[in-house]
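Below is one structure, written out as structure tokens; comments come after it.
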Amino acid sequence: MCGIVGAVAERDVSPILLEGLRRLEYRGYDSAGLAVMDTHNLLHRHRAVGKVSALDAAHASAPLTGSTGLAHTRWATHGAPTEANAHPHLARDEVAIVHNGIIENHESLRKRLTADGYHFTSETDTESVVNAIHARLAAGDDLFVGVQNVLSELEGAYALGVISTREPGRLIAARRGSPLVIGVGIGEHFIASDVAALLPVTRDFIYLEEGDVVDLTRDSLTIYDTNGQPVDRPVRTTELTADAAERGEYRHFMAKEIHEQPRAIAETLEGRISDNRVLPEALGPEATALLEQAQRIQIVACGTSYHAGLVARYWFESLAGLPCDVEVASEFRYRRHVVPAGTLFVTLSQSGETADTLAALREAKTLGYLASLAICNVPESSLVRESDLVMMTRAGPEIGVASTKAFTTQLTALLLTVIAAARRQGLGESEESRLVAALCHIPRQIEEVLTLESKVEALAEQFVDKHHSLFLGRGSQFPIAMEGALKLKEISYIHAEAYPAGELKHGPLALVDADMPVITVAPRDDLVEKLKSNLQEVRARGGQLYVFADAASAPAADDGCQVLILPSVDEVLAPLLYTIPLQLLAYHVAVLKGTDVDQPRNLAKSVTVE
Ligand code: G6P
Numbered sequence: 068m069c070g071i072v073g074a075v076a077e078r079d080v081s082p083i084l085l086e087g088l089r090r091l092e093y094r095g096y097d098s099a100g101l102a103v104m105d106t107h108n109l110l111h112r113h114r115a116v117g118k119v120s121a122l123d124a125a126h127a128s129a130p131l132t133g134s135t136g137l138a139h140t141r142w143a144t145h146g147a148p149t150e151a152n153a154h155p156h157l158a159r160d161e162v163a164i165v166h167n168g169i170i171e172n173h174e175s176l177r178k179r180l181t182a183d184g185y186h187f188t189s190e191t192d193t194e195s196v197v198n199a200i201h202a203r204l205a206a207g208d209d210l211f212v213g214v215q216n217v218l219s220e221l222e223g224a225y226a227l228g229v230i231s232t233r234e235p236g237r238l239i240a241a242r243r244g245s246p247l248v249i250g251v252g253i254g255e256h257f258i259a260s261d262v263a264a265l266l267p268v269t270r271d272f273i274y275l276e277e278g279d280v281v282d283l284t285r286d287s288l289t290i291y292d293t294n295g296q297p298v299d300r301p302v303r304t305t306e307l308t309a310d311a312a313e314r315g316e317y318r319h320f321m322a323k324e325i326h327e328q329p330r331a332i333a334e335t336l337e338g339r340i341s342d343n344r345v346l347p348e349a350l351g352p353e354a355t356a357l358l359e360q361a362q363r364i365q366i367v368a369c370g371t372s373y374h375a376g377l378v379a380r381y382w383f384e385s386l387a388g389l390p391c392d393v394e395v396a397s398e399f400r401y402r403r404h405v406v407p408a409g410t411l412f413v414t415l416s417q418s419g420e421t422a423d424t425l426a427a428l429r430e431a432k433t434l435g436y437l438a439s440l441a442i443c444n445v446p447e448s449s450l451v452r453e454s455d456l457v458m459m460t461r462a463g464p465e466i467g468v469a470s471t472k473a474f475t476t477q478l479t480a481l482l483l484t485v486i487a488a489a490r491r492q493g494l495g496e497s498e499e500s501r502l503v504a505a506l507c508h509i510p511r512q513i514e515e516v517l518t519l520e521s522k523v524e525a526l527a528e529q530f531v532d533k534h535h536s537l538f539l540g541r542g543s544q545f546p547i548a549m550e551g552a553l554k555l556k557e558i559s560y561i562h563a564e565a566y567p568a569g570e571l572k573h574g575p576l577a578l579v580d581a582d583m584p585v586i587t588v589a590p591r592d593d594l595v596e597k598l599k600s601n602l603q604e605v606r607a608r609g610g611q612l613y614v615f616a617d618a619a620s621a622p623a624a625d626d627g628c629q630v631l632i633l634p635s636v637d638e639v640l641a642p643l644l645y646t647i648p649l650q651l652l653a654y655h656v657a658v659l660k661g662t663d664v665d666q667p668r669n670l671a672k673s674v675t676v677e
């Protein structure tokens with residue numbers, strides 16, 4: 068959701084900024100731009116609609132060089148993705164800004180600045196900010212004071228970087244509501260929306276807090292907190308390496324990430340289980356006591372993470388006997404809540420920066436929940452820092468917009484949490500040991516499912532000319548059907564809906580004909596016979612069925628019913644295994660359709676605006 072990179076150095080920063088943008092492109096990719104200050108202290112800028120490669124081409128034909136600069140990859144909010152709306156925005160060629168977030172009072176600022184003689188060249192909210200800063204500098208403020216004064220007027224969310232020809236070699240950055248890190252180099256400083264952008268130049272980072280404003284030069288760095296007081300923030304060395312976010316031999320990040328799932332799940336289990344039992348310290352020292360007090364669970368998340376929450380609801384209720392509600396964060400945050408005593412508030416997020424999920428957490432903190440637990444993939448994220456308890460998934464950087472390994476590692480972390488909570492509810496040792504043993508076996512079983520890829524690819528060919536599809540599941544497989552439908556629509560643009568199979572006859576059956584593929588996940592469980600009756604309803608209407616099933620539960624294959632057999636799996640763990648063929652199906656349909664698999668149209672990986 069917009070990526071920012073900035074640098075103050077001695078060397079030419081253009082290649083660093085462009086490489087940073089490539090690494091941030093998953094955040095937004097409808098247009099990009101770069102501004103650097105040359106040795107005569109003049110600002111030069113390139114902007115281009117489309118991918119960073121378009122900006123690369125503009126830069127290659129007229130290279131910019133300079134030791135101070137800013138760059139941005141955009142996901143449009145205010146104004147279409149045009150060159151004029153692309154960042155960096157300039158004010159009278161003296162001030163340049165990059166911004167991620169939304170300035171809610173930009174219209175009143177724009178009115179005031181227009182009356183003061185400022186000319187606007189874009190439809191963005193950001194241009195009001197850069198003009199307002201320019202007006203402060205013209206009135207005598209230095210760059211830091213000017214930015215600080217303008218920030219105090221802003222309503223909304225931002226991460227931003229500002230440079231000015233009046234003070235070459237100085238970069239002011241600020242964050243409120245959108246992520247921003249400082250990269251600490253040797254005699255150089257950087258800013259970026261996340262660490263991945265800067266891994267080729269540094270592994271030392273400062274994670275800014277809400278409201279922080281930073282004054283950077285090549286060799287100085289001062290951070291001011293939300294009250295304007297200088298503060299020390301620790302420098303942390305990341306364990307990530309520059310190649311952690313590279314595609315390797317795979318054609319797409321999504322393919323790489325699908326294939327990384329066995330390892331990612333194994334790593335998420337690492338050090339958290341022993342002798343087929345979940346270790347008490349798996350969730351941190353305070354967790355055991357808090358889980359013992361928990362009487363209910365409220366889960367909040369967005370997108371794929373929300374689907375992980377829906378699976379967990381079945382687990383919390385069936386294994387731990389804990390009532391569990393799950394809600395999408397954008398709804399939760401704007402609703403009045405009745406919070407029963409002893410409710411644990413759980414957020415799920417790959418990035419830990421999703422604006423709605425963060426806002427829901429902040430709202431929840433005022434509502435009297437027992438405590439907050441974040442299950443998250445990014446250790447330094449805002450969500451992790453603001454939660455009482457944290458359970459990290461260890462999926463490694465996920466770059467493909469369509470989430471895969473983040474989902475299965477969330478399910479893994481959730482199941483560990485449920486098992487830990489279920490002990491108090493009388494989950495016996497032998498049952499725990501059976502579940503944990505089955506969970507440890509999952510990485511190998513996923514590897515087996517991945518060997519079926521060519522078969523899924525063959526099925527995918529039958530979807531290429533389809534416009535609609537229906538995904539069915541029952542019980543804890545219904546969220547897996549939802550996740551399968553989300554994957555397919557996100558990357559292949561085929562309309563996909565998920566239904567609990569028993570609900571078919573109450574509406575969607577009307578849509579079923581030979582042109583409507585119906586995809587079903589049918590592991591062996593208590594509901595599979597009922598599910599098979601639902602499938603008969605589809606067959607009777609000429610519907611084309613694609614069934615992923617266990618040998619023991621599979622319906623008979625025939626012309627209208629294609630079946631792919633998956634390894635037998637414990638019923639509780641089936642969601643982890645059955646999501647894999649649906650990821651592969653969506654991936655191969657998208658590849659065959661020639662869509663942009665890793666960066667599908669209109670979407671972004673990390674949605675840091677509301
Ligand atoms: C975006 C991404 C999805 C993701 C969702 C929630 O919509 O495209 O893949 O599931 O955000 O993101 P989070 O980082 O909070 O899990």
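In case it helps, my numbering puts the sequence shown at residues 68 to 677.
C-beta atoms are modelled at their ideal positions from N, C-alpha and C, and glycine is treated no differently.
Whether residue i touches residue j by CB criterion (7 Å)
i: V248; j: V229; result: no
i: L425; j: L456; result: no
i: S635; j: V595; result: no
i: V165; j: V197; result: no
i: R114; j: E150; result: yes
i: A469; j: M321; result: yes
i: E171; j: E222; result: yes
i: T140; j: G95; result: yes
i: K432; j: E324; result: no
i: P267; j: E86; result: yes
i: A489; j: L386; result: yes
i: G254; j: F272; result: no
i: P464; j: A312; result: yes
i: T132; j: S81; result: yes
i: S231; j: L210; result: yes
i: L659; j: A527; result: yes
i: F615; j: P648; result: yes
i: L137; j: A349; result: no
i: S543; j: V378; result: yes
i: E550; j: H374; result: yes
i: L357; j: A438; result: yes
i: T181; j: I332; result: no
i: L176; j: A202; result: no
Residue i: first and last residue of the uninterrupted alpha helix (DSSP H) it sits in
i: I216; result: Position check: residue 216 holds Asn in this sequence, whereas Ile was assumed. N216 -> alpha helix (DSSP H) spans 210-218.
i: D423; result: 422-431
i: E564; result: Where E564 is concerned, there is no enclosing alpha helix (DSSP H), although the beta strand (DSSP E) it sits in stretches over 562-567.
i: A641; result: 641-660
i: G493; result: Here G493 belongs to no alpha helix (DSSP H), and DSSP marks it neither H nor E.
i: Q603; result: 595-606
i: F530; result: Taken as a continuous stretch (DSSP letters only), F530 belongs to no alpha helix (DSSP H), as it is neither H nor E.
i: A127; result: 119-128
i: A396; result: 396-399
Extent of the continuous beta strand (DSSP E) run through residue i
i: D105; result: D105 -> no beta strand (DSSP E), and no H or E assigned at all.
i: C628; result: 628-633
i: R90; result: Premise fails: R90 lies in the alpha helix (DSSP H), 81-91, not in any beta strand (DSSP E).
i: L411; result: 410-416
i: A616; result: 611-617
i: I258; result: 256-259
i: L137; result: 135-141
i: I71; result: 70-75
i: M248; result: One detail in the question is off: residue 248 reads as Val in this sequence, not Met. 248-251 is the span of the beta strand (DSSP E), which, as asked, contains V248.
8 Å contact criterion, which residue i and residue j should meet: CB distance rounded
i: E334; j: R461; result: 4 Å
i: H319; j: E524; result: Incorrect: roughly 14 Å between the Cβ atoms, too far for contact.
i: S673; j: S418; result: 4 Å
i: A563; j: A552; result: 4 Å
i: T135; j: G236; result: 6 Å
i: A241; j: L218; result: 6 Å
Residue i CB to nearest heavy atom of the ligand MN below 6 Å
i: G540; result: This structure lacks the ligand MN; the ligands present are the ligand G6P.
Residue ranges of each alpha helix (DSSP H) run of no fewer than 4 residues wholly in the region 307-381, ordered along the chain? 320-326, 328-336, 354-360
Beta strand (DSSP E) segments (min. 3 residues) lying fully within the region 155-243: 156-158, 162-170, 223-231, 238-243
Unbroken alpha helix (DSSP H) runs of length 4 or more, entirely within the region 532-589: which are they? With a minimum length of 4 residues, the continuous alpha helix (DSSP H) runs that stay inside the region 532-589 are 545-559.
Going residue by residue through the region 266-301, where are the continuous beta strand (DSSP E) segments of at least 3 residues, counting only ones entirely within it? If we require 3 residues or more, the beta strand (DSSP E) runs fully inside the region 266-301 come out as 271-274, 280-283, 288-291.
Quick check on the DSSP output: what are the complete alpha helix (DSSP H) runs of length 4 or more inside the region 429-466, in order along the chain? 449-453
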